[in-house]
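**Q** Starting off with a structure, shown below.
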Amino acid sequence: MKLLMVEDDDQSRELSCRLITHEFAYLTILQADDGKSGLDLFREHFPDIVISDITMPGMDGIALAAKIKALRPETKIILLTAHSDKRRLSVSMELGINDYIVKPIDFKALTTAIQACLDEIGHEVRRGHR
């Protein structure tokens, strides 16, 4: 299984990836520092889970999520944001985003969200939907 982390803050991205690797050693972690690079990596590797910051230069996380869902609707997406914006939350949910985590990142909440995505993928596999 593959997970793509898209975050423009290098320190936050690196720390998050280290912690995710520690909790989920079997996941292959891909990293991108902006939406365009994230979309390129997505098209190349088709990760099962994408974690993306919302506010990034160029393509933001919501635009990235919309493009990913158009390419592969079953992809699980977790969005990260520094602001609890109800409009963005509403748009995110309409896109079928799996979870929305407000920064600073609570790593227990992040690992719980990742595990929920993995559980959902497992159910889809058992039902033959993947």
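According to my numbering, the sequence shown is numbered sequentially starting from 155. The beta carbon of each residue, even a glycine, is placed where N, CA and C say it ideally should be.
(1) Return helix, strand or coil for T229, following the three-state DSSP convention.
(2) In three-state terms, what does DSSP make of L184?
(3) With burial defined as no fewer than 16 other Cβ atoms inside 10 Å of the residue's Cβ, what is the status of V340: buried or exposed?
(4) Compare the beta carbon distance of N252 and K221 with 8 angstroms and say whether it is the shorter of the two.
(5) Looking at E168 and the ligand MG, is the gap between the Cβ and the nearest heavy atom below 7 angstroms?
**A** Reading off the structure:
(1) It is coil, neither helix nor strand.
(2) strand
(3) With the chain represented from 155 up to 284, any question about residue 340 goes unanswered, as that position is not in the structure.
(4) no
(5) The ligand content of the structure shown is nil, which means the ligand MG is not present either.
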